[in-house]
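*Asks:* From first to last, the protein sequence lines are chains G and H.
For the first sequence, the numbering used here assigns the number 36 to the initial residue and increments by one for each residue that follows.
For the second sequence, the numbering used here assigns the number 7 to the initial residue and increments by one for each residue that follows.
A virtual CB, placed ideally from N, CA and C, is assigned to each residue, including glycine.
Nothing here was measured: the structure is a model prediction, and the numbers come from that model.
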Amino acid sequence: MHMFNHLARFRSSCSVAAFALCLGVSLNLHAADSAVQVQLNFKKASPRGVEELTERAILRDYRFAWTSIAQALEFNTLDPLEGPFAGDAKRWLKQSVLSQQQAGLNQKYVDQTHYVEAVFYAPEGDVMELHDTAEYQLQVSDGGKVIHDDHAVVHYVVLMTPAADRWVIRLLQAVPQF
Amino acid sequence: MQRLLQVCVRVLLGVACLVGFCRAQDFQVPAAVSAGDEADISTAGSGKATFHLIGPGVSRKSELNLGESIHLQAQDTRTAGDYLAIVCSSTCRSGGFYVSAAKPATLTFLVHPSRVPVAQSDAVSGVALPFDQFHNLVLRPLTVNFQLTAGNVSLSSRPVLTQNGAAWFRALSGKSAGLLQVTAAVDDLSARRAVQQVASDPCNLRITGQRTKVGITVQTEPVRDCAGNPVPDGTIVTFTATSTNGKSSVDAPIKRGIAQAQMLASGATSISAASGVVMGNEVRVGAQQ
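As structure tokens, this is what we get:
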């Protein structure tokens, strides 16, 4: 009987711990997502104009992609890269995570703000090019010790293509200027 | 007073660091690197330090003796983008540099649609994106030659300069049904796609009809589009018979260029035909004797 009480108490503790973990993870995701600010401008997109629904989808998916990059590179996990990326962008992001794991490094992107302009939208709507001027605080840690902490302004050339249920990033290439 | 002293000591240490210690780990990153090129980062000073390289697809850490240069292998700089070099001894210092795309090695070429009716304006479009051998987008302006060929006849050819790494075109489809070859070329690189051109909507639909023992047989003349291309088999032609008994319709697919149907009507009947938005002529067939 005594043993059953212990088991019940253990189960109850596990449930509370699992709930707390889930709550923690969901809060963390929300916090990470809300930390990514994206301002999009589609006025210069040509030759095809961007439909309103597409604008909303791009905003949602681009923001989510950066949330995923931040999570993957901070926690050195590949899972966040599964949905929002394809092709070469996915390949090098995965390589980054794997090599960070090996070297014991991680990167933290804090207070991200992205000023994004669509500069090309293919006639048939199958590829869109974005220019993103991203600002964030980049922290690099080696074994938990911060070795670099700096405010960065980086220009990214981005290619996005439509997938089954979202727009995915196929190319994410930093350049000195546009 | 003690607090003031502490602040002064910190300031002095800070100045000493800037002037002396930090100089002991000065280093210089390359000004510009092309993807896949080897490069060197020179360091100054003496003593042991740790070097970190962080870039797209690469994160590595190694020990170094200050004063020696760090050699970056070709595999470290394969992906274009921003790289961060960090050298740590007593303190850490960092410097960034960019790796740009190498010369174009492949062309991504998207062409739409795969099947197009003839003589349609702005019906064929294509986008070409040049990439280097490491799959980095080449952003410097390049001239892409787009060429459309049907059989051995060149329909159009135009050079287009890439803007932000992309060049595109829109073109009229050809006049004859058959394969349309679309080619994009940059110097000795080229990519080819094929578009099937098919006949457009039927033009001048003409029918004939004659009474038989069981009703009326109606058939079209060979159905062609306005450019004279035979309309593909399977295209539906709707025959409508109107008589004193009422109206009836039959859908018939084109087979070997002709659509044919058998209609049941005993009295005087007028028959018309339509396919898509095109109406044919009307024929009158007298009552059964």
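Under 8 Å between the Cβ atoms of H/Pro62 and H/Gly87?
*Replies:* Contact: yes.
*Asks:* Between the Cα of G/Trp101 and the Cα atoms of G/Phe120, G/Ala92 and G/Asn111, which residue gives the shortest distance?
*Replies:* Among G/Phe120, G/Ala92 and G/Asn111, the Cα nearest to that of G/Trp101 belongs to G/Phe120.
*Asks:* I'd like the list of long-range same chain contacts for G/Asp68, defined as Cβ closer than 6 Å, with 5 residues on each side in sequence excluded.
*Replies:* Residue placement at G/Asp68 is flagged as unreliable, the pLDDT there being 49, under the threshold of 50; a coordinate-derived value is accordingly withheld.
*Asks:* Beta carbon of H/Met269, beta carbon of H/Ser281: below 8 Å?
*Replies:* Not a contact, by the Cβ cut-off of 8 Å.
*Asks:* Helix or strand or just coil, what does DSSP make of H/Val21?
*Replies:* Annotation note: pLDDT 44 at H/Val21 (below 50); position unreliable, coordinate value reported separately. H/Val21: helix per DSSP, three-state reduction.
*Asks:* Let me check one thing: in DSSP terms, what residues is H/Pro165 bridge-paired to?
*Replies:* Per DSSP, H/Asn151.
*Asks:* Locate the alpha helix (DSSP H) running through H/Glu288, then write down its first and last residues.
*Replies:* First-last for H/Glu288: Val284 to Val291, but that is the beta strand (DSSP E), not the alpha helix (DSSP H).
*Asks:* Going by the DSSP bridge assignment, what does G/Arg95 pair with across the sheet?
*Replies:* Looking at the DSSP assignment, G/Arg95 forms no beta bridge with any residue, so it has no partner.
*Asks:* Distance check for G/Val188 and H/Ile47, CA to CA, integer angstroms please.
*Replies:* Answer to the nearest angstrom: the Cα atoms are 23 Å apart.
*Asks:* For the 8 Å Cβ check, are there 3 or more pairs between the segment 165-174 of chain G and the segment 173-189 of chain H?
*Replies:* Verdict: no, contact absent.
*Asks:* Report the CB separation of H/Asp257 from H/Thr244 in whole angstroms; it is logged as a contact under 8 Å.
*Replies:* 5 Å between Cβ atoms; contact.
*Asks:* From this set, G/Lys143, G/Asp96, G/Asp146 and G/Gly160, which residue's C-alpha is nearest H/Pro119's C-alpha?
*Replies:* Ranking G/Lys143, G/Asp96, G/Asp146 and G/Gly160 by Cα distance to H/Pro119 puts G/Gly160 first.
*Asks:* Hey, out of G/Lys79, G/Val145, G/Lys143 and G/Thr112, whose CA is closest to G/Gln130's CA?
*Replies:* Ranking the options by Cα distance to G/Gln130, first place goes to G/Thr112.
*Asks:* Could you give the C-beta distance for G/Leu108 and G/Val132, rounded to a whole number, given that I count them as a contact under 8 Å?
*Replies:* Contact holds; Cβ gap of about 7 Å.
*Asks:* In chain C, which residues lie with their C-beta within 7 Å of the C-beta of H/Asp43?
*Replies:* Given the protein chain composition of this structure (G and H), no chain C is represented.
*Asks:* Using 8 Å as the limit for Cβ to Cβ distance, is H/Lys54 near chain G?
*Replies:* False, the Cβ-Cβ gap to chain G never drops below 8 Å.
*Asks:* Taking 8 Å as the cut-off, decide whether the C-beta atoms of H/Phe152 and H/Thr112 are in contact.
*Replies:* Not in contact: H/Phe152 and H/Thr112 (Cβ atoms no closer than 8 Å).
*Asks:* Cβ of G/Ala121 less than 8 Å from any chain H Cβ?
*Replies:* Cβ-Cβ to chain H under 8 Å: no for G/Ala121.
*Asks:* With contact counted as at least three CB pairs below 8 Å, one residue from each stretch, are the segment 90-97 of chain H and the segment 127-147 of chain H in contact?
*Replies:* Counting Cβ pairs under 8 Å, fewer than three are found: no touch.
*Asks:* Alpha helix (DSSP H) containing G/Gly122: first to last residue?
*Replies:* Its alpha helix (DSSP H) spans residues Gly122 to Ala138.
*Asks:* Of all the options G/Asp177, G/Ala157 and G/Gln74, which has the alpha carbon lying nearest to the alpha carbon of G/Gly84?
*Replies:* The shortest Cα separation from G/Gly84 among G/Asp177, G/Ala157 and G/Gln74 belongs to G/Ala157.
*Asks:* Work out the CA separation of H/Pro123 and G/Ser134 for me, nearest whole Å.
*Replies:* Answer to the nearest angstrom: the Cα atoms are 52 Å apart.
*Asks:* Is H/Gly240 near the ligand MG - that is, is its Cβ less than 7 Å away from at least one heavy atom of it?
*Replies:* As for the ligand MG, it is missing from this structure, which has no ligand bound.
*Asks:* Quick check on the burial criterion: 16 or more other C-beta atoms within 10 angstroms. Buried or exposed for H/Arg84?
*Replies:* H/Arg84 is buried by the Cβ-count criterion.
*Asks:* Please say whether H/Gln203 and H/Ala183 have beta carbons closer to each other than 8 Å?
*Replies:* In contact: H/Ala183 and H/Gln203 (Cβ atoms closer than 8 Å).
*Asks:* Return the CA-CA distance between H/Ser249 and H/Gln225, expressed in angstroms with no decimal places.
*Replies:* H/Ser249 and H/Gln225: Cα-Cα distance of roughly 18 Å.
*Asks:* Please identify the residue among H/Ala156, H/Ser127 and H/Asn158 whose C-alpha is closest to the C-alpha of H/Phe175.
*Replies:* Of the candidates H/Ala156, H/Ser127 and H/Asn158, the one whose C-alpha sits nearest the C-alpha of H/Phe175 is H/Ser127.
*Asks:* Please tell me whether H/Ser95 has its Cβ less than 8 Å away from any Cβ of chain G.
*Replies:* Chain G, which has no Cβ nearer than 8 Å to the Cβ of H/Ser95, makes this no.
*Asks:* Using a Cβ-Cβ cutoff of less than 8 Å, which residues in the same chain neighbour H/Leu19 once the five nearest sequence positions on both sides are dropped?
*Replies:* Note that H/Leu19 scores 42 on pLDDT, short of 50, meaning its location in the model is unreliable; the coordinates nonetheless yield the value given after this. The answer is none, since no qualifying residue turns up.
*Asks:* Given that G/Phe155 touches chain H, what residues does it touch there, using C-beta distances under 7 Å?
*Replies:* Asn170 and Ala172, listed in chain order.
*Asks:* For chain G, is any of its Cβ atoms less than 8 Å away from the one on H/Ser336?
*Replies:* Shown here, chain H extends from 7 to 295; a query on residue 336 of chain H therefore has no answer.
*Asks:* Starting from the C-beta of H/Thr237, find all residues in its chain whose C-beta is less than 7 Å away, skip the five residues before and the five after it, and write them out in chain order.
*Replies:* Reading off the sequence, residue 237 of chain H comes out as Val, not Thr. The answer, listed in chain order, is Ala205, Pro208, Val229, Arg230, Asp231 and Ile260.
*Asks:* From the DSSP output, in three-state form, read off H/His77 for me.
*Replies:* Strand.
*Asks:* From the beta carbon of G/Cys57, is the nearest beta carbon of chain H less than 8 Å away?
*Replies:* The predicted position of G/Cys57 is uncertain, since its pLDDT is 43 and thus under 50; a value taken from the coordinates is nonetheless stated next. False, the Cβ-Cβ gap to chain H never drops below 8 Å.
*Asks:* Between H/Pro147, H/Thr149 and H/Gly180, which has its C-alpha nearest H/Val159's C-alpha?
*Replies:* Minimum Cα distance to H/Val159 is reached at H/Gly180.
*Asks:* Under 8 Å, Cβ to Cβ, is there at least one residue of chain G near H/Pro123?
*Replies:* H/Pro123 does not count as touching chain G.
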